[in-house]
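Participant: One structure coming up, written as structure tokens, with questions to follow.
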Amino acid sequence: MQKIYIAGHRGMVGGAILRRLQARRQAGEPFELVTRTHAELDLTNQNAVRAFMQEERPDVVILAAARVGGIHANNTYPADFIYENLMIECNVIHQAFAAGTPRLLQLGSSCIYPVAASQPMAEDALLTGVLEPTNEPYAIAKIAGIKLCESYNRQHGTDYRSVMPTNLYGPGDNFHPENSHVMPALIRRFHEAAEQELEEVAIWGSGRPRREFLHVDDMAEASLFVLDLDKDIYDANTQPMLSHINVGTGTDISILDLAKLIADVTGFEGRIVTDPSKPEGSMRKLMDVSRLAKMGWRARVDLTAGVADAYRWFLDNRADARL
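The numbering of the sequence shown is the numbering used here, which starts it at 3 and goes up by one.
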């Protein structure tokens with residue numbers, strides 16, 4: 003029976019992939035799922051990962067584990083972000099190969115692209131310019147993950163693939179006030195402002211930058227779609243040294259308009275003001291998703307419905323330590 007290991011199954015994306023695979027198994031697909039918590043397996047520990055891979059010898063590895071965070075976290079802990087993510091990728095990818103794992107899917111991020119990349123950002127924009135300074139360490143680690151997969155494929159004939167999602171949100175997100183991304187940060191801020199009946203909420207920056215948002219359930223579906231693609235189809239739509247695939251909706255929204263949408267969903271009725279003194283990152287980060295669309299997959303979750311879903315999850319899980 004095929005054995006699938008999900009690294010990072012307690013994270014937002016890993017959890018969504020786990021739920022989807024569990025549903026497949028309940029529907030009759032025969033495979034074994036393997037997971038480990040961080041307490042059970044520290045993926046930055048080479049010896050521990052080696053021992054785990056040699057014992058389990060998974061047929062498929064889904065690498066959804068990562069150190070992640072928003073602008074504040076990336077600016078505050080750059081060494082942690084580059085070190086931990088490089089170690090996770092190096093350990094999991096190499097030890098999967100050493101254990102004979104033929105198939106692996108690595109999840110990255112849209113921040114791999116240069117700050118001045120043409121919009122929408124196509125896969126061939128990789129390594130064509132300077133990265134956005136606030137998340138450069140994380141981006142470099144994720145680029146290294148792509149190149150690790152490609153290098154093992156080229157040298158050893160493995161089938162290791164990479165998907166690069168746009169900004170993700172939904173159930174399982176991190177709503178911490180200091181370490182979260184823009185979507186959960188705004189959901190929490192507007193919820194608390196509505197509860198406290200505040201007159202205004204300030205958002206970082208000018209509100210003009212535009213961002214693309216993908217619901218985590220769509221990301222889970224896309225990840226398994228790419229993983230399940232016949233190798234001939236995957237190879238026909240990629241290149242050996244440009245093999246990653248963008249995953250997104252192909253549409254974006256300004257941060258100010260996103261704030262207005264979240265205010266409506268959370269019931270906040272006060273003013274929304276901007277704070278240009280705060281960092282806001284790139285002016286636009288829209289993914290070119292034509293490569294994935296050509297292979298047969300498109301996002302399905304509407305942004306308004308998705309925000310409402312994320313807000314319901316937040317309300318139901320506020321006791322979680324991360325919230």
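Glycine included, C-beta positions come from ideal geometry on N, C-alpha and C.
1) Can you give the beta carbon distance from Thr251 to Ala204, rounded, assuming they're within the 8 Å contact cut?
2) Restricting to Cα atoms, I'd like to know which of Asp290, Asn169, Glu57 is closest to Gly308.
3) Start and end of the alpha helix (DSSP H) containing Gln157?
4) Run through the DSSP bridge pairs and tell me what His217 is partnered with.
5) Here's the rule: buried if 16 or more other CB atoms are within 10 angstroms of the residue's CB, otherwise exposed. What is Ile235?
6) Can you tell me whether Met55 is helix, strand or coil according to DSSP?
7) In angstroms with no decimal places, state the Cα-to-Cα distance between Pro179 and Arg190.
8) Taking the alpha helix (DSSP H) that Glu86 belongs to, which residues open and close that run?
9) Measure from the alpha carbon of Pro186 to the alpha carbon of each residue in Gln24, Asp230, Leu20, Ala261, then state which is nearest.
10) Evaluate Pro281 with the Cβ neighbour count: other Cβ atoms within 10 Å of its Cβ, from every protein chain shown; 16 or more gives buried, anything less gives exposed.
11) Report the three-state DSSP secondary structure of Leu109 (helix, strand or coil).
12) Using only alpha-carbon positions, find the residue among Ala265, Val165, Ser120, Leu150 that is nearest to Ser284.
13) Roughly how many angstroms lie between the CA atoms of Asp311 and Cys92, to the nearest whole one?
14) By a C-beta neighbour count over all protein chains shown, 10 Å radius and 16 as the cutoff for buried, is Ala323 buried or exposed?
15) Please report the distance separating the alpha-carbon of Val184 from that of His11.
16) Could you tell me the alpha carbon to alpha carbon distance between Leu200 and Leu20, rounded to whole angstroms?
17) Sorted by chain position, which residues of the same chain lie with C-beta nearer than 6 Å to Arg52's C-beta, five sequence neighbours on each side aside?
18) Near Asp126, what residues of its chain come up, given a Cβ to Cβ distance below 7 Å and the 5 sequence neighbours on each side ignored?
19) Does DSSP classify Thr276 as helix, strand or coil?
20) Val267 lies in the alpha helix (DSSP H); which residues open and close that run?
21) Tell me the rounded alpha-carbon separation between Leu305 and Gly269.
Facilitator: Inspection of the coordinates gives the following:
1) For the purposes of this step, residue 251 is taken as the residue at position 249 of the sequence shown. For the purposes of this step, residue 204 is taken as the residue at position 202 of the sequence shown. That belief does not hold up - the Cβ atoms of Thr251 and Ala204 are roughly 27 Å apart, past 8 Å.
2) Residue mapping note: residue 308 aligns to position 306 of the sequence shown, counting from 1. Gly308 has its Cα closest to that of Asn169, out of Asp290, Asn169, Glu57.
3) Reading the sequence shown from its first residue, position 155 is the one you call residue 157. Element bounds for Gln157: 138 to 158.
4) For the purposes of this step, residue 217 is taken as the residue at position 215 of the sequence shown. DSSP lists Tyr171 as partners of His217.
5) Walking along the sequence shown from the start, residue 235 turns up at place 233. Exposed: under 16 other Cβ atoms inside 10 Å.
6) If you number the sequence shown from 1, residue 55 lands on position 53. Helix.
7) For the purposes of this step, residue 179 is taken as residue 177 along the sequence shown, with counting starting at 1. For the purposes of this step, residue 190 is taken as residue 188 along the sequence shown, with counting starting at 1. Pro179 and Arg190: Cα-Cα distance of roughly 8 Å.
8) Here residue 86 is taken as the residue at index 84 of the sequence shown, counted from 1. Bounds of the alpha helix (DSSP H) holding Glu86 are 80 to 100.
9) The count along the sequence shown starts at 1 and reaches residue 186 at position 184. That would be Ala261, whose Cα lies nearest to the Cα of Pro186.
10) Within the sequence shown, numbered from 1, the residue matching residue 281 stands at position 279. When all chains shown are included, Pro281 counts as exposed.
11) Against the sequence shown, residue 109 aligns to sequence position 107. When secondary structure is reduced to three states using DSSP, Leu109 falls in the strand class.
12) To locate residue 284, count along the sequence shown from 1; it is residue 282. Out of Ala265, Val165, Ser120, Leu150, Ser120 has the C-alpha closest to the C-alpha of Ser284.
13) Reading the sequence shown from its first residue, position 309 is the one you call residue 311. Reading the sequence shown from its first residue, position 90 is the one you call residue 92. Going by C-alpha positions, Asp311 is about 35 Å away from Cys92.
14) Stepping through the sequence shown from its first residue, residue 323 is reached at position 321. Confidence at Ala323 is low in this model, with a pLDDT of 44, below 50, so its placement is unreliable and the value that follows should be read with caution. The residue in question, Ala323, is exposed, as its Cβ has fewer than 16 Cβ neighbours within 10 Å.
15) Position 182 of the sequence shown, counted from the first residue, corresponds to residue 184. Position 9 of the sequence shown, counted from the first residue, corresponds to residue 11. Going by C-alpha positions, Val184 is about 22 Å away from His11.
16) Against the sequence shown, residue 200 aligns to sequence position 198. Against the sequence shown, residue 20 aligns to sequence position 18. Roughly 39 Å separates the two Cα atoms.
17) Locating residue 52 in the sequence shown gives position 50, where the first residue counts as 1. The beta carbon of Arg52 sits closer than 6 Å to those of Gln97, all from its chain and outside the five residues before and after it, given in chain order.
18) By 1-based counting over the sequence shown, the position of residue 126 is 124. The answer, listed in chain order, is Leu244.
19) Taking the sequence shown and counting its residues from 1, one reaches residue 276 at position 274. Looking at Thr276 - three-state DSSP - the assignment turns out to be strand.
20) Sequence index remark: in the sequence shown, residue 267 carries index 265 (1-based). Per DSSP, Val267 is one residue of the alpha helix (DSSP H) stretching across 257 to 268.
21) Here residue 305 is taken as the residue at index 303 of the sequence shown, counted from 1. Here residue 269 is taken as the residue at index 267 of the sequence shown, counted from 1. Going from the Cα of Leu305 to the Cα of Gly269 covers about 17 Å.
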